[in-house]
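Below is one structure, written out as C-alpha cells; the observations come after it.
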Amino acid sequence: MKLSALTFLFLVAGGITAIPVEDTSDALGIETESGLDEVTTFDADAGDVPTLSAEDIYTPDPTDGTLVIPYQNDTRACGSTLIQSQIATIETQFSAALNTFNAQTADVVAAAAISRSSIPVVWHVIYTTKTVAGGYISDSAVKKSISAMNTHYKGSGFGFKLKQIKRKKNTNWFKKMKGKSTDSYMLAMKNALHTGGAGTLNVYTVDFADDTLGWAAFPWEYFGFPKRDGVVIQYNSYPGGTLKNYNQGKTLTHEVGHWLGVYHPFQGEDCNGLGDYVVDTPQQLTLTLGCPSSKNTCPQGGNDNIHNYMDYSYDKCMTGFTQGQMTRARQMSDAYRF
77 MKLSALTFLF LVAGGITAIP VEDTSDALGI ETESGLDEVT TFDADAGDVP TLSAEDIYTP
137 DPTDGTLVIP YQNDTRACGS TLIQSQIATI ETQFSAALNT FNAQTADVVA AAAISRSSIP
197 VVWHVIYTTK TVAGGYISDS AVKKSISAMN THYKGSGFGF KLKQIKRKKN TNWFKKMKGK
257 STDSYMLAMK NALHTGGAGT LNVYTVDFAD DTLGWAAFPW EYFGFPKRDG VVIQYNSYPG
317 GTLKNYNQGK TLTHEVGHWL GVYHPFQGED CNGLGDYVVD TPQQLTLTLG CPSSKNTCPQ
377 GGNDNIHNYM DYSYDKCMTG FTQGQMTRAR QMSDAYRF
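Its first residue numbered 77, the sequence shown is counted upward by one per residue in the working numbering.
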C-alpha cells in the first residue's frame, strides 16, 4: 500500500530548506542515467547469487593487493540518526498508516508478504578508477554482499534478489560525499541514478569523505523524496573487503534495517524513554564501540544489544536481529513500501 506524497512531505521537508554546495569551483557531476558506463542485469532465480561459506563471510580477500586498512577512527558511524523531537510524530503517523494497511483485504496483505520475500536490488558501483581501491568492486563482491544479507535476514520474511549492477565513473560522487541527507553530491548522484519505486532497494557504494560507514533513507521519507531513497555504504565493507573490522557485509545489513524502518537500539540515548520502539531490545544509553565482552548502560533493562545488527559494534560482534525488530520491519514495509 502506498500513501500520497503530501501526507509525509512536511516531516522531511523541514530539514531540506536549502542544498549546500560544498565546493562551488568543482562540478557536482550532475548527469543522467544515459551516462552510465556499464549495466549488468541478473536473473537471480537462475543462480546468480551464490551461497556464502564461512570463509567468504569472514576472511578478508583484497583482489588488488591492497592491505586491510583501519577505518578512520575505527568506529562505526551511521548517518541514519533521527533527533528525538521527530520521533513522536513519525510514530503517530506510522500507527495510522499501519491501521490503514491492516484494514485491507487478505489479498493485499498476502501480496505484501510476497513482495517482502523477494525485494529487487539495484546496485550502483560508483568509482574513480577501475581498481578495487578506486571503488570498482567486482560482480562477485556485490553477489557476496547480497548473499550475506540474505543470511542475516534469514527467517525474517525478507529476501533480497540482485536485479542489476550499474557502474558509474564519477570522482566527486565517489570521494567527496558525506553521510548526511542534504549532501549535494549524494543528492546529485541519486537524482541521476535512482531506479524503481518504494519496494526497490537501491544500494550505492562510495568512499565517504567523513567517517560515515553508511546512510539510509527511512521508509516514510519515500513519498516526499522518492529519488533520495536507498542506502549508501562504504565501498570496501563488503564480505572479504579491505575495511578492517567492517568487512563482513554487516554495514549493508545495518543500513537496510533502517531502510525497513528499524532504529538504533540506543535511539534517544535514554534509559527511561521508549528507545527504539521495540519491546525485546533492552534499553541502551550509548552506542557500542569495538567488540566488548559485555556492556550494560541501563541496568534496569538488561545487558546492551552489543551483538545486534543495529548497534555500532565491529562486524564480528554482530550476530542478529530480535523478533521485535523484524516485526517492526515487516509492519513498516507493509505501511510504506509494498
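Every residue gets a Cβ at the ideal spot worked out from N, C-alpha and C, and that includes glycine.
Residue 345 and residue 267 have their C-alpha atoms roughly 34 angstroms apart. The Cβ atoms of residue 338 and residue 401 lie closer than 8 angstroms to each other.
For residue 297, there is no enclosing beta strand (DSSP E), as DSSP marks it with neither H nor E. Around the beta carbon of residue 292, 16 or more other beta carbons sit within 10 angstroms, so the residue counts as buried. Three or more pairs of CB atoms, one per stretch, sit closer than 8 angstroms, so the stretch 210–226 contacts the stretch 303–318. For the stretch 326–376, the continuous alpha helix (DSSP H) assignments of 4+ residues that do not extend past its boundaries occur at 326–335, in sequence order. As a beta-bridge residue in DSSP terms, residue 243 pairs with 114, 201. Here residue 309 is bridged, per DSSP, to 281, 290. Around the beta carbon of residue 290, a 10 Å sphere encloses 16 or more other beta carbons of the protein chains shown; the residue is thus reported as buried. In this structure, the CA atom of residue 378 is about 14 angstroms from the CA atom of residue 362. Residue 396 carries a strand assignment under DSSP once its states are collapsed to helix, strand and coil. The closest CA to that of residue 233, considering only 163, 195, 205, 260, is found on 195. Cβ-Cβ distances below 6 angstroms link residue 410 to 177, 188 in the same chain, with the five nearest sequence neighbours on each side left out; the list follows chain order. Taking a C-beta distance under 8 angstroms as the contact criterion, residue 307 and residue 282 do not qualify as a contact pair. Distances from the alpha-carbon of residue 286 to those of 397, 251, 240, 374 put 251 closest.
For residue 262, the enclosing alpha helix (DSSP H) has its first and last residue at 260–269.
If you draw a straight line from the Cα of residue 229 to the Cα of residue 192, it comes to about 11 angstroms. The C-alpha of residue 376 is placed about 34 angstroms away from the C-alpha of residue 320.
Between residue 201 and residue 213, the C-beta gap is smaller than 8 angstroms, which places the two residues in contact. Contact between the stretch 321–337 and the stretch 349–361 is absent: fewer than 3 CB-CB pairs across the two stretches fall below 8 angstroms. Look at residue 315 here: in three-state DSSP terms it is coil, with no helix or strand label.
Judged by beta-carbon spacing, residue 218 lies within the 8 angstroms limit of residue 199, meaning their Cβ atoms are closer than that value.
DSSP, read as helix, strand or coil, puts residue 238 in strand. Of the candidates 275, 205, 347, 366, the residue whose Cα lies closest to the Cα of residue 336 is 275. For residue 179 and residue 245, the gap between their C-alpha atoms comes out near 46 angstroms. Checking the DSSP bridge columns, you'll see residue 195 partnered with 236.
Note that the C-beta distance between residue 239 and residue 269 is not below 8 angstroms. The continuous alpha helix (DSSP H) containing residue 218 extends over residues 215–228. Separation of the CB atoms of residue 357 and residue 341 is rounded to 5 angstroms, and the pair is thereby assigned contact status at 8 angstroms. Sorting 118, 263, 297, 264 by C-alpha distance to the C-alpha of residue 170 places 297 at the top. When DSSP states are grouped into helix, strand and coil, residue 323 belongs to the coil group. A direct Cα-to-Cα measurement between residue 186 and residue 172 gives close to 20 angstroms. Per DSSP, reduced to three states, the secondary structure at residue 384 is strand. Pairing residue 247 with residue 207 gives a Cβ-Cβ distance that is not under 8 angstroms. Between residue 374 and residue 347, the C-beta spacing is below 8 angstroms.
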